[in-house]
Structures are given as C-alpha cells and as structure tokens.
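A short write-up of the structure that comes next.
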Amino acid sequence: MPLKNKIMKSNYHTHTYLCHHAEGTVEDYVIKAIEFGLKNIGISDHAPLIFLEDRSVRMSLEDYPIYLEELKQAIDKFKDKINIYKGLEIEYFPQQKKHYEELLTNVDYLTLGQHYIESNNKLKSIYHVKEIEDMQIYIKTLIEAMKSGYFKFISHPDIFLFNQTNISDEMLYLSRLLIQAAEKYDVALEINANGIRKGKITVDKKSRYRYPRKEFWELVKQSKVKTIISSDAHKPKYLFDEAIIEAYKFARDIGIEVEEELVMN
Ligand SMILES: [Zn+2]
Ligand SMILES: [Zn+2]
3 MPLKNKIMKS NYHTHTYLCH HAEGTVEDYV IKAIEFGLKN IGISDHAPLI
53 FLEDRSVRMS LEDYPIYLEE LKQAIDKFKD KINIYKGLEI EYFPQQKKHY
103 EELLTNVDYL TLGQHYIESN NKLKSIYHVK EIEDMQIYIK TLIEAMKSGY
153 FKFISHPDIF LFNQTNISDE MLYLSRLLIQ AAEKYDVALE INANGIRKGK
203 ITVDKKSRYR YPRKEFWELV KQSKVKTIIS SDAHKPKYLF DEAIIEAYKF
253 ARDIGIEVEE ELVMN
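This is the structure in structure tokens:
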C-alpha cells in the first residue's frame, strides 16, 4: 500500500538525474508530488559550480540549460495542479558571488547545502570534519552566506556535527551563533529527512541519526527561526515516505512548529 500524505504541504529540496547520483526528471517529481497531494514542489538540484565539478555529485554547466528547460516545460504543463518552484542547492564561497547572482536570474531560490569548507586553502568535505576549528569555519561560512541574502533556507544545517559522538559546549555555542544569524537574516533552517532515511547509528549504546541532531534542534526550538522539513529526495518516491513521517515526529517530540510553506519568489 502506498503511503498517504496527510501532513506535508511543501517540499523544496529535490534532486534529479542531472546531478549523477539521483533518479528522475523534473516531470517525474512533479507527477509524484501531485500524487502525494503537495501544494508546493521545489526542485533544487545540485547546482553547477566550476571548481567543484570534478567531485561529480552535481550537474555540469553544459546540462544546466537542460535543467532550466525541464523546469519550464513542467511549469507550463502542470501549473494548474501544483506550484512549482525553480531552485538549486549549492555551497557558499564568498569569491563566487557573481555565480550566485547569475543563477538567481534563472531560478526562484537557492538553498545552501555546505558540503565543503575551505580549510587551509583546501576544500574539505563536511563528512570529514572532526576538529572544532573546521566547525568554526563551517559556521562562519554559513553566517556569511545568510548575510549575503542569496539563500532561502539552509539544508541540513546541523551536518557539521556528523562525526561527533558528544556535543561539547563549544559546539552548542557554534550552533547558537548559526541559529541567531538565521533569525537575524530570516533564513529558514531545514530538518533533513534524507538524514533520517540513511538510518540510525549506535554509539556508546545510544542510537541516533547522524543528522538531524536533537541537541541542535533543541536550541532551534528556543529561537524564532523558521523551520521546514524537506525530503531531500534523490528518487521521486522519496517525496513522501516513512522518513518524512519520522521527521515530523522528530520535530513534534522537540516541540518545534514546522512552517507549512515559505514565500519562494
Ligand atoms: Zn545529493
Ligand atoms: Zn540536497
């Protein structure tokens, strides 16, 4: 039996075949979103970013026009059935300002997914970050990104805690800086269902997700920041699944009120 969606109205985080590690065209996602009764669907594939192109987890610059064309066609075809927003997920690097501005002439929104930081003049994957110094870079980068005004929401903001078994006071302090900036610049924070989809790990007899991270979201709860839940779907069927239901439960258990929709354009 396919799941019935009674909770989710909007999903703004979705990936297509063009990024080389997801499945489905824009149209496949839109059809699925209509099936699940969503009011708003945002397509936010991994944007081309020249100096990260060798990492092969994003669309290439040559494929970008195909992406825009697929979006345009889907909007023409389905605009009476669902609101479709054109988005992109991308990292923030201050020297790339022109690139973000150019992208924003074609799409409705950018979401920040900071998968890399610049540490000692090298790019470092966020999944390899262990030291507090690198976490400080991550937070500093995110705050600058929010200040830039280019981003509507932050994808998996708590991903910098990926390798941490115990959350120290310093990490909580950094989390607070991030949350305060999100409040100040009115950028929403995302509880990422793809982290839930990846399952729990057990460390020191305690089982938890690598992300979302409870300790982080308990701090969000104390703020006025807008929180959204996204699927971060890499397959159309993930637009609504058990992981989404779990994400809502995760938010409810902490006492976070989730925004049903964001103003996207
Ligand atoms: Zn991805
Ligand atoms: Zn994503």
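Counting in the numbering used here, the sequence shown runs from 3 upward without gaps.
Quick reminder that beta carbons are idealized off the backbone N, C-alpha and C, glycines included.
Closest residue to residue i among the options (Cα-Cα distance)
| i | options | result |
| --- | --- | --- |
| GLU91 | ASN108, ILE128, LYS99 and LEU112 | LEU112 |
| PRO29 | ARG254, ASN42, PHE38 and THR18 | Here residue 29 turns out to be Glu, not Pro, going by the sequence shown. The residue with the shortest Cα to Cα distance from GLU29 is THR18. |
| ASN122 | VAL205, LEU114, GLU135 and TYR14 | GLU135 |
| ILE52 | SER46, ALA35, TYR94 and ALA24 | TYR94 |
| GLU263 | PHE153, GLY26 and LYS41 | LYS41 |
| HIS101 | GLU25, SER150 and PHE38 | SER150 |
| SER225 | LYS202, PHE242 and GLN182 | GLN182 |
| TYR187 | MET61, PHE153, GLU64 and LYS239 | PHE153 |
| GLU103 | ALA49, LEU125, TYR140 and GLN116 | ALA49 |
| VAL189 | MET137, ILE145 and LEU5 | ILE145 |
| LYS124 | TYR213, LYS216, LEU54 and MET266 | LEU54 |
| LYS99 | GLU120, ALA147 and ILE141 | ALA147 |
| ASP206 | THR167, PHE162 and ARG199 | THR167 |
| ILE214 | PHE162, GLU185, SER62 and LEU179 | The amino acid occupying residue 214 in the given sequence is Pro; Ile does not appear at that position. The residue with the shortest Cα to Cα distance from PRO214 is PHE162. |
| VAL227 | ILE68, LEU191 and GLY201 | LEU191 |
| PHE155 | TYR211, TYR69, GLN116 and LYS74 | GLN116 |
| PHE164 | GLN138, ILE193, ALA184 and HIS130 | HIS130 |
| ASP110 | ILE33, LYS88, PHE80 and ALA24 | LYS88 |
| MET266 | PRO4, LEU5 and SER12 | SER12 |
| ILE139 | LYS132, ILE119 and SER127 | ILE119 |
| ILE68 | LEU20, ASP255, LYS223 and ILE203 | LEU20 |
| SER62 | ILE128, PRO96, PHE242 and HIS23 | HIS23 |
| ASP65 | VAL32, ASP47 and ALA35 | ASP47 |
| LEU5 | ILE247, LEU179 and LYS83 | ILE247 |
| THR107 | ASP160, ARG60, LYS79 and LEU70 | LEU70 |
| VAL59 | SER127, ARG199 and LYS216 | SER127 |
| LEU241 | ILE9, GLU25, LYS8 and LYS34 | LYS34 |
| GLY39 | LYS83, GLU185 and TYR211 | LYS83 |
Cβ distance (whole Å) where residue i is taken to contact residue j below 8 Å
| i | j | result |
| --- | --- | --- |
| GLY197 | HIS158 | 6 Å |
| LEU114 | LEU174 | Between LEU174 and LEU114 the Cβ distance is about 21 Å, and since that is not below 8 Å, they are no contact. |
| PHE218 | SER177 | 5 Å |
| ALA253 | ALA195 | Contact flag wrong, Cβ pair sits at about 11 Å. |
| ILE77 | ILE43 | Contact doesn't hold; Cβ gap of about 11 Å is too wide. |
| ALA249 | ILE230 | Between ILE230 and ALA249 the Cβ distance is about 10 Å, and since that is not below 8 Å, they are no contact. |
| HIS15 | SER233 | 6 Å |
| GLU72 | THR27 | 6 Å |
| ILE256 | LYS223 | 5 Å |
| TYR31 | ILE45 | 6 Å |
Strand pairing of residue i, partner residues [DSSP]
| i | result |
| --- | --- |
| LEU106 | In the DSSP output, where bridge partners are listed per residue, LEU106 has none listed. |
| ASP47 | LEU90 |
| ASP16 | According to the sequence provided, residue 16 is Thr. The question's Asp does not apply to it. Paired residue(s): ALA235. |
| SER150 | Its beta-bridge partners do not exist; DSSP assigns none. |
| VAL260 | THR229 |
| SER121 | LYS124 |
| THR204 | SER209 |
| LEU112 | LEU90 and PHE153 |
| ASN42 | SER12 and ASN85 |
Where the beta strand (DSSP E) containing residue i begins and where it ends
| i | result |
| --- | --- |
| GLU192 | 190-194 |
| ARG210 | 208-211 |
Any C-beta of chain C under 8 Å from that of residue i
| i | result |
| --- | --- |
| ILE141 | No chain C is part of this structure, which consists of one protein chain only. |
Where the alpha helix (DSSP H) containing residue i begins and where it ends
| i | result |
| --- | --- |
| TYR31 | 28-37 |
| GLU185 | 171-187 |
| GLN75 | 66-80 |
| ASN221 | Just to set this straight, residue 221 is Leu in the shown sequence, not Asn. Counting along the chain, the alpha helix (DSSP H) containing LEU221 begins and ends at 216-223. |
Quiz: which residues have CB nearer than 7 Å to ligand 1 non-hydrogen atoms: After applying the 7 Å Cβ criterion, the set is HIS17, CYS21, HIS23, ALA24, HIS48, VAL59 and HIS236.
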